[in-house]
Every structure is written in C-alpha cells, then in structure tokens.
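Undergrad:
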Amino acid sequence: MYKKILMPVDVFEMNLSDKAVRHAEFLAKADNATITLLNILPLSSRSLLRGFNSDIKKFEAYMIAESEKKMNELKRLFDIAPENIRTEVRFGNVRDEIISISNKEDYEVIVIGSKTPGISSHLLGSNAESVIRYAKIPVLVVR
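Residues in the sequence shown are numbered consecutively from 19, following my numbering.
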C-alpha cells in the first residue's frame, strides 16, 4: 500500500511518538516500506545567538548530534530492518519543513503523533492540524 513513509518526530518529546511508531511499523511491514524519521529543530534559537556566528554553528552542530542520537534510539523501537529506516534533521518551521519534504520526495503517507487536546488545540495538536491542512498526501494522526 505505502512504500515510503514520512514520520516527523520530536525527539525531545518522545511520548508523542510511542503509538505513532507502532502504526508506522505496521504500515511498513505490510509492504516492506521505508520510513524516514524527520526531526525539525526550531529556527527561533538562532535569534538568541544573533551576532555570534561561531556560537550558532556550534549550537546547531550540538543540536543535530543530539537529535541524531535520540533518533537512533528511536530506531531501535521499530521491529523492521534497520536499513529501511532513514533519519533526517532540519531547521525550520515544523509544518513548512514537513510539507516541503513530502512534496519534494516520493512519500506516500505521513504518520504523525499528536498531543491530547487542550484549550489551544481542540481536536489535534497544532502541528498535526497544520500538516493535515496543507499536505497533498494522506496523513495518519496518532494520539
């Protein structure tokens, strides 16, 4: 059914990914699909270090290394062949980066975890809601 699955994850809020991992794994096993774990780091931290270019580069390198380390830990939760799981770290707006990568590459579905709704996001998490609104491919939201 799906050969290429995009799974955005927040490695610093792993509890959002627990159930989503099982759903992505199920879809991947059904068709021997590949999964790309995508972690998007916010650009807002750059504004804190404006004027300190070398500090920005060190900070970004540190954040990328930490994200990759945590995504490698997350990869171990999957019961599929490790070569079928890719990881990618990007900086930017969560919605924009997810939509961009899903449009540029041949992904067939996005599997995304969502928080329990609160006052600010009545039905879905704000990132999940934005992805659903702008994605051109199916989006599976897992609570």
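Glycine included, C-beta positions come from ideal geometry on N, C-alpha and C.
1. Where does residue 122 fall in DSSP's three states?
2. If I measure Cβ to Cβ from residue 22 and keep anything under 6 angstroms in the same chain, skipping five residues before and after, which residues do I get?
3. Anyone know if the C-beta pair for residue 130 and residue 159 falls short of 9 angstroms?
4. Looking at the structure shown, is residue 87 part of a helix, part of a strand, or coil, going by DSSP?
5. Compute the Euclidean distance between the alpha carbons of residue 38 and residue 73, then round it to the nearest angstrom.
6. Compute the beta-carbon to beta-carbon distance between residue 24 and residue 120, rounded to the nearest angstrom, for a pair I have assumed lies under 8 angstroms.
7. Which value, in whole angstroms, describes the spacing of the CA atoms of residue 77 and residue 145?
8. Residues in the same chain with beta-carbon distance under 6 angstroms from residue 138, minus the five sequence neighbours each way, listed in chain order, please.
9. Would you give the residue range spanned by the beta strand (DSSP E) that residue 37 belongs to?
10. Who are the near neighbours of residue 26 in its chain, counting only those whose CB is closer than 6 angstroms to its CB and skipping five residues on each side?
TA: The structure says:
1. Helix.
2. Contacts found: 52, 124, 125, 126.
3. Contact: yes.
4. Assignment of residue 87 by DSSP, reduced to helix, strand and coil, places it in the helix class.
5. When rounded, the separation of the alpha-carbon atoms in residue 38 and residue 73 is 35 angstroms.
6. About 6 angstroms separates the two Cβ atoms, so the contact holds.
7. Residue 77 and residue 145: Cα-Cα distance of roughly 24 angstroms.
8. Because residue 138 sits at a pLDDT of 42, beneath the cut-off of 50, its placement in the model cannot be relied upon, and the point is left open.
9. Unbroken run through residue 37 is the alpha helix (DSSP H), 36-49; no beta strand (DSSP E).
10. Closer than 6 angstroms at the Cβ level, and outside the excluded window around residue 26, lie 56, 116, 130.
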